[in-house]
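J.:
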Amino acid sequence: MLAEWWRRIIDRAFAPYSVSAFAFAIGCVAVATGVRYALGWIHPAIVPHAAYFPAVMLVALVAGTPAAIVATLLSILLAATLFVHEGGELGVLNSTFFALSSILIIVVAEAYRQLLHRYQQQERQKNLMLRELEHRGKNMRSMVEAIVAQTLPDDPDAAQTIIGRIRAVSSTNDIISHAADLHADLRTLIRAKFEPFGPFRASLEGPKITLPADPARNLSLVFHELVTNAIKHGALSREEGRVDISWRVSGGNLIVTWAERHGPEISPPAERGFGSRLIVGCMKSLGGSVVADFPPTGLVCVISIPLKTAPVETEAAP
Numbered sequence: 001m002l003a004e005w006w007r008r009i010i011d012r013a014f015a016p017y018s019v020s021a022f023a024f025a026i027g028c029v030a031v032a033t034g035v036r037y038a039l040g041w042i043h044p045a046i047v048p049h050a051a052y053f054p055a056v057m058l059v060a061l062v063a064g065t066p067a068a069i070v071a072t073l074l075s076i077l078l079a080a081t082l083f084v085h086e087g088g089e090l091g092v093l094n095s096t097f098f099a100l101s102s103i104l105i106i107v108v109a110e111a112y113r114q115l116l117h118r119y120q121q122q123e124r125q126k127n128l129m130l131r132e133l134e135h136r137g138k139n140m141r142s143m144v145e146a147i148v149a150q151t152l153p154d155d156p157d158a159a160q161t162i163i164g165r166i167r168a169v170s171s172t173n174d175i176i177s178h179a180a181d182l183h184a185d186l187r188t189l190i191r192a193k194f195e196p197f198g199p200f201r202a203s204l205e206g207p208k209i210t211l212p213a214d215p216a217r218n219l220s221l222v223f224h225e226l227v228t229n230a231i232k233h234g235a236l237s238r239e240e241g242r243v244d245i246s247w248r249v250s251g252g253n254l255i256v257t258w259a260e261r262h263g264p265e266i267s268p269p270a271e272r273g274f275g276s277r278l279i280v281g282c283m284k285s286l287g288g289s290v291v292a293d294f295p296p297t298g299l300v301c302v303i304s305i306p307l308k309t310a311p312v313e314t315e316a317a318p
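Just so you know, we're using this note's numbering here: the sequence shown kicks off at 1 and counts up by one.
#1: Go ahead and pull the three-state DSSP assignment for A202.
#2: M57 to A216, Cα distance in whole Å?
#3: Kindly identify the DSSP beta-bridge partner or partners of T257.
#4: Going by CA-CA distance only, name the one from A23, N94, R187, V84 that's closest to W247.
#5: I'd like the list of long-range same chain contacts for E240, defined as Cβ closer than 6 angstroms, with 5 residues on each side in sequence excluded.
#6: Straight-line CA distance for V19 to V59?
#7: Could you give the first and the last residue of the continuous alpha helix (DSSP H) run that contains S285?
#8: Quick check: what's the CA-CA separation for G298 versus T228?
#9: Would you tell me roughly how many angstroms separate the C-alpha atoms of I190 and L307, rounded to the nearest one?
#10: Taking the continuous alpha helix (DSSP H) assigned at D214, which residues delimit it?
#11: Identify which residue in L219, V35, F197, V108 has its Cα closest to the Cα of L236.
#12: From F14 to T65, what distance separates their C-alpha atoms?
#13: Starting from V291, follow the beta strand (DSSP E) in both directions and report where the run begins and ends.
#14: Let's test the definition: count the other Cβ atoms within 10 Å of the Cβ of A45 and tell me whether it reaches 16, buried, or not, exposed.
#15: Can you find at least 3 beta carbon pairs, one from the segment 65-74 and one from the segment 24-31, that sit closer than 8 angstroms?
#16: Smallest Cα separation from F274: which of G287, I245, I147, L226?
#17: Do A55 and A71 count as a contact pair if the criterion is CB distance below 8 angstroms?
#18: What three-state label does DSSP hand I266 in the structure shown?
#19: Near V243, which residues of its chain fall below 6 angstroms by C-beta distance, leaving aside the five closest residues on each side in sequence?
#20: With 16 other CB atoms within 10 Å as the buried threshold, where does T183 fall?
#21: Can you tell me which of N218, V249, L221, F200 puts its alpha carbon nearest to the alpha carbon of G206?
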């Protein structure tokens, strides 16, 4: 954000052919002249144009080609007037070398500026498209939710279950679209599922890990199903209930452990419901696995995903 803000300030303040751009060029040359005077005191035989190379480069990068040409001409004039006697008969050669070098610097700097300009245009276009897609996606989600609710008017629980799953994927898409690399942070993904319950119902522990889009969506559905189950039958059905979620990287896999505590006493289900089958299906699509245990103290679920299909570990959590 700071870099983007600074770039905009420079673009507006030092537009090519603007008064501020030429003033910046004159200022840089003046500073270079002062530096050259100081260098002359340190070593009288120093090259006359030594201090002007950085000035021309800075002006070319910040203020553009016209201002850089002015800086080059001023540098040659000042060096010839003030310092060329220190270079003796090599003054003309030094001036010619400086002029040619400055032309090369200006050409390279202008190419860089044009490349940066195209990149910025592409970024703006990409951000515009992402915002438009996000807007259309929300409209589509609202329409689908309305269709589901109208299709199942006599079964509101089933309708809300389907709508909840749609929103789980949609919220993950929002996280992905707002990330610079179109990845989702695992901690952010999990925390979003617990926002309605406050910060103290779940403890999260693990390194910072980012997930590509497909694994993020699948894991979002998995966590949604686990949270939904915890609300109906597990730890989140009681005020004192808590969920401990931890993750680590081991043997080329991402291992996520979901452990509920202080909830009602549970027992293994007689048969596997749709939510359980959905979790297994999501894991199979990633080449992973899920193991659920049902001790009386609360559900313990261990999820394993191969790193090659899912996350990228970035750094350890503080």
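Even glycine gets a Cβ: it sits at the ideal position worked out from N, Cα and C.
T.: Looking at the atomic coordinates:
#1: For the purposes of this step, residue 202 is taken as residue 202 along the sequence shown, with counting starting at 1. It is a strand residue.
#2: Along the sequence shown, one-based indexing puts residue 57 at 57. Along the sequence shown, one-based indexing puts residue 216 at 216. Answer to the nearest angstrom: the Cα atoms are 45 angstroms apart.
#3: As a first step, residue 257 must be located in the sequence shown, where it is residue number 257. Looking at the DSSP assignment, T257 forms a beta bridge with S246, V302.
#4: Here residue 247 is taken as the residue at index 247 of the sequence shown, counted from 1. When each option's Cα is compared against that of W247, the closest is R187.
#5: For the purposes of this step, residue 240 is taken as the residue at position 240 of the sequence shown. The residues are H262.
#6: Mapped onto the sequence shown, residue 19 falls at position 19. Mapped onto the sequence shown, residue 59 falls at position 59. Rounded to the nearest angstrom, the two C-alpha atoms are 13 angstroms apart.
#7: Within the sequence shown, residue 285 is the residue found at index 285, counting from 1. Looking at the DSSP string, the run of the alpha helix (DSSP H) that includes S285 is 274-285.
#8: Mapped onto the sequence shown, residue 298 falls at position 298. Mapped onto the sequence shown, residue 228 falls at position 228. For G298 and T228, the distance between alpha carbons rounds to 14 angstroms.
#9: Start at 1 with the first residue of the sequence shown, and residue 190 comes out as number 190. Start at 1 with the first residue of the sequence shown, and residue 307 comes out as number 307. Their backbone Cα atoms lie some 18 angstroms apart in a straight line.
#10: Position 214 of the sequence shown, counted from the start, is the residue given in the question as residue 214. 213-232 is the extent of the alpha helix (DSSP H) around D214.
#11: As a position in the sequence shown, residue 236 is number 236, starting the count at 1. Cα-wise, what sits closest to L236 is F197.
#12: Counted from its first residue, the sequence shown places residue 14 at position 14. Counted from its first residue, the sequence shown places residue 65 at position 65. Between F14 and T65, the C-alpha separation is close to 11 angstroms.
#13: Here residue 291 refers to the residue found at position 291 of the sequence shown. Run containing V291: 289-293, per the beta strand (DSSP E) assignment.
#14: Reading the sequence shown from its first residue, position 45 is the one you call residue 45. It counts as exposed.
#15: yes
#16: For this step, residue 274 is matched to residue 274 along the sequence shown. The option with the nearest alpha carbon to F274 is L226.
#17: As a working mapping, residue 71 is identified with position 71 in the sequence shown. As a working mapping, residue 55 is identified with position 55 in the sequence shown. Yes, Cβ-Cβ distance for A71 and A55 is below 8 angstroms.
#18: What you label residue 266 is simply residue 266 of the sequence shown in a count that begins at 1. Correct three-state label for I266: coil.
#19: The count along the sequence shown starts at 1 and reaches residue 243 at position 243. Correct list, in chain order: A202, A235, E260.
#20: Counted from its first residue, the sequence shown places residue 183 at position 183. Here residue 183 is His; the residue named in the question, Thr, does not match the sequence. H183 should be labelled buried.
#21: Against the sequence shown, residue 206 aligns to sequence position 206. The residue with the shortest Cα to Cα distance from G206 is V249.
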